[in-house]
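In what follows, a single structure is set out as structure tokens and then discussed.
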Amino acid sequence: MDEARQIVTEIQKGNIKPIYFLMGEEPYYIDKISDFIEENILTEEERGFNQMLIYGRDTSIDEIVSNAKRYPMMAERQVVIVKEAQDLSRTIEKLADYAENPQPTTVLVVCYKYKKIDKRKKLHKSISKSGVIFEGKRLYENQVGDWIIKTMKGRGYVVSPKAAQMLVEFLGTDLGKIDNELQKLQLICPQGTTLSPEIIEENIGISKDFNNFELRKAIGERDSLKAHRIINYFAQNPKDNPLVVTISLLFSYFSQILQYHGLTDKSKGSVAKQLKVNPYFVSDYAVAARNYPMKKVSKAISLLQETDVKSKGVGAANVSHGDLLKELLVKIMN
């Protein structure tokens, strides 16, 4: 996030490089940087003759280089943007010769999504000298909630930790998908709004009461009634609440509780850092650890692994996922 912002800031200052090679597993910032260059380096009048958009599947490295070597028409520079350049992965190293001596009046943007070029090879070394290499790294699930909070803070909104966690559990870790939903909320809610679980529920369709976050919390508090209500809801809405996701999240949860038991420093800051959770949720883990000694945590992890195998049809071919989840809950909480 900071690196992407720095690239944009440098361009705004007029420090424009001849090559921007945007690569990596997370496409969100690749698109953001590419879109910014597309919309801001040339004026609207200049774009007609001096801005070119090419797709990797429809071109070759030779064609890209040929276009990059053209001179701009009635403008200081031209912009050549190569989208989906990962389709050229077999020949991408051929771009190294151009990168050694790039056209100074061309801004070449290469969007190389979901892949990386080898740092040891000539292309990476050449671009590092003459241009900018940006790697979009996929965020871990435990980092996405903080990303939502920070992103929306920059847009003038406050997001409660619980609301951020609901979004992560419902939408996953795809930043582009999450940002689409956040933009919808911006259209509905004025700046300065605190985006609460109630707002998320009302406008995105995520239940604030019946979700995996609330299930984990209910299990951690040994609130059997609430946990069973949530599981019954899951059983009635299996498509929206797949068992494989619930098992995965519960496995992660009990693994963190096990880790909590092993910590010598149980201060809020230390626990948040070690478990990689928002400090807001640390008290939930303290409660869960009191309710589940290490022996019970180990048993729960074993039960989750057993249920995962059963969910794939091994030893429980005719048992519904809802029944498997109910059986799992009874065994964990007894």
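Residues in the sequence shown are numbered consecutively from 1, following the UniProt record's numbering.
Glycine is no exception: its CB is placed at the ideal position from the N, C-alpha and C atoms.
All of these numbers come straight from a predicted model, not from anything done at the bench.
Alpha-carbon to alpha-carbon, residue j and residue i
i: Ala286; j: Met152; result: 29 Å
i: Gln103; j: Asp308; result: 56 Å
i: Phe251; j: Leu195; result: 28 Å
i: Val314; j: Val244; result: 14 Å
i: residue 340; j: Ser311; result: Residue 340 lies beyond the range of the chain shown here (1 to 334); nothing can be said about it.
i: Arg120; j: Glu63; result: 25 Å
i: Val319; j: Val271; result: 39 Å
i: Leu9; j: Lys83; result: A small fix is needed here, since residue 9 is Thr in this sequence, not Leu. The alpha-carbon atoms of Thr9 and Lys83 are separated by roughly 22 Å.
i: Ser207; j: Pro18; result: 48 Å
i: Thr106; j: Ile188; result: 41 Å
i: His321; j: Phe234; result: 9 Å
i: Leu108; j: Leu304; result: 50 Å
i: Glu181; j: Ile204; result: 7 Å
i: Pro279; j: Arg47; result: 48 Å
i: Ile138; j: Asp179; result: It is Arg, not Ile, that sits at residue 138 in the sequence shown. Distance between the alpha carbons of Arg138 and Asp179 is about 15 Å.
i: Val330; j: Asp323; result: 11 Å
i: Glu327; j: Ala218; result: 16 Å
i: Asp240; j: Met333; result: 24 Å
i: Phe170; j: Tyr98; result: 44 Å
i: Lys150; j: Asp2; result: 11 Å
i: Glu214; j: Lys177; result: 23 Å
i: Lys122; j: Asn40; result: 30 Å
i: Tyr292; j: Ser130; result: 57 Å
i: Lys69; j: Asn212; result: 54 Å
i: Leu225; j: Ile200; result: 25 Å
i: Tyr157; j: Gly172; result: 21 Å
i: His124; j: Gly154; result: 33 Å
i: Thr193; j: Asp146; result: 18 Å
i: Ser283; j: Lys268; result: 8 Å
Reduced DSSP category for residue i - H, G, I as helix; E, B as strand; rest coil
i: residue 335; result: The question about residue 335 has no answer here: the residues shown for the chain are numbered 1 through 334.
i: Tyr20; result: strand
i: Glu76; result: coil
i: Phe134; result: strand
i: Gln191; result: coil
i: Leu108; result: strand
i: Met52; result: strand
i: Ile81; result: strand
i: Lys116; result: coil
i: Val168; result: helix
i: Val314; result: coil
i: Val319; result: coil
i: Val287; result: helix
i: Val277; result: coil
Expected contact under 8 Å - CB spacing of residue i and residue j to nearest Å
i: Tyr28; j: Leu167; result: So it is not a contact: roughly 15 Å between Cβ atoms.
i: Ile127; j: Ile92; result: Contact doesn't hold; Cβ gap of about 11 Å is too wide.
i: Leu258; j: Gln274; result: That pair is no contact at about 12 Å.
i: Glu25; j: Tyr114; result: 6 Å
i: Tyr253; j: Ala289; result: Contact doesn't hold; Cβ gap of about 12 Å is too wide.
i: Asn101; j: Lys276; result: Actually they are not in contact, since the Cβ atoms of Asn101 and Lys276 sit about 45 Å apart, beyond 8 Å.
i: Met23; j: Tyr112; result: 4 Å
i: Val132; j: Ile7; result: 6 Å
N-terminal and C-terminal residue of the alpha helix (DSSP H) that residue i is part of
i: Lys150; result: Glu141 to Gly154
i: Ile301; result: Met294 to Ser311
i: Pro197; result: Pro197 to Ile204
i: Leu88; result: Careful: Leu88 lies outside any alpha helix (DSSP H) and carries neither H nor E.
i: Glu214; result: Asn212 to Gly220
i: Ser66; result: Ile61 to Ala68
Local Cβ density within 10 Å of residue i, reported as buried at 16 or more and exposed below that
i: Arg216; result: buried
i: Leu95; result: buried
i: Gln183; result: exposed
i: Thr43; result: exposed
i: Lys32; result: buried
i: Glu202; result: exposed
i: Val159; result: buried
i: Phe210; result: buried
i: Gln191; result: exposed
i: Lys162; result: buried
i: Tyr20; result: buried
Endpoints, the beta strand (DSSP E) within which residue i is located
i: Tyr260; result: Looking at the DSSP string, Tyr260 is not in any beta strand (DSSP E); the run it does join, the alpha helix (DSSP H), is Leu243 to His261.
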